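All residue numbers for the sequence shown refer to numbering that gives the first Met the number 0, where the first residue is 0 and numbers rise by one.
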Amino acid sequence: MKPDELEKLIEAFRQMGPARTSLDIYAFTSKHREKVLYEHENFIKNFEDFFEELNALVRLLNYAEKDSWKESKSYQYLILPETIKTLHCAFEIAIDGYYDEAMILIRYVFENFLRLVFLSKYPDNLEGLIVSKKRKGLVQFNATNVIEHILKLD
Numbered sequence: 000m001k002p003d004e005l006e007k008l009i010e011a012f013r014q015m016g017p018a019r020t021s022l023d024i025y026a027f028t029s030k031h032r033e034k035v036l037y038e039h040e041n042f043i044k045n046f047e048d049f050f051e052e053l054n055a056l057v058r059l060l061n062y063a064e065k066d067s068w069k070e071s072k073s074y075q076y077l078i079l080p081e082t083i084k085t086l087h088c089a090f091e092i093a094i095d096g097y098y099d100e101a102m103i104l105i106r107y108v109f110e111n112f113l114r115l116v117f118l119s120k121y122p123d124n125l126e127g128l129i130v131s132k133k134r135k136g137l138v139q140f141n142a143t144n145v146i147e148h149i150l151k152l153d
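Structure, rendered in structure tokens:
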């Protein structure tokens, strides 16, 4: 099919204005957000306050002297701001009613938190966080390992 023929075909199917499905989704998320804001106001305020403190921490770390930091500490500092952006995204889409998608993002946030813990416990083992192949003598990161063996939680 030639490009001009394809364009004519697309035009034949294109509707004027937004698609009904999109309008329905926008209406649902708007209603859901309003309901959540009304019914769970305290949860939302608590999250916003906590999130503000996390952002304050990142802002303060911007001014910390980093010349003496180990490579792993610098890596932790790179992980933290990106992770809290993902945390906020998960919060927003949960309020919109996308619970499954929010849980996927929360899992990512949780695993990144465990990565920060791993690097605190093994600051000279950045390779164990990154390398996926098992090597003798190298402690490797995996979420279960951190929880059971480093934090000693069951």
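Ideal Cβ positions, reconstructed from N, Cα and C, are used throughout, including at glycine.
All of these numbers come straight from a predicted model, not from anything done at the bench.
For H39, there is no enclosing alpha helix (DSSP H), since its DSSP letter is neither H nor E. Taking the CA atoms as reference points, I92 sits about 34 Å from E126. Note on geometry: alpha-carbon atoms of E52 and N45 lie some 11 Å from one another. In the DSSP annotation of this structure, N141 is not part of any alpha helix (DSSP H), being labelled neither H nor E.
For Q75, the uninterrupted alpha helix (DSSP H) segment begins and ends at 70-94.
Taking each of F117, N124, R134 in turn and checking the Cα distance to N141, the smallest one comes out for F117. Across the structure, N61 and V108 are spaced so that their CA atoms are roughly 21 Å apart. For M102, the uninterrupted alpha helix (DSSP H) segment begins and ends at 98-120. Per DSSP, D3 is one residue of the alpha helix (DSSP H) stretching across 2-12. With contacts defined by Cβ atoms closer than 9 Å, K72 and P17 do not form a contacting pair.
By the neighbour-count criterion, in which a residue is buried when 16 or more other Cβ atoms sit within 10 angstroms of its Cβ, T20 is exposed.
Within 10 angstroms of the beta-carbon of A89 lie 16 or more other beta-carbons, which makes it buried.
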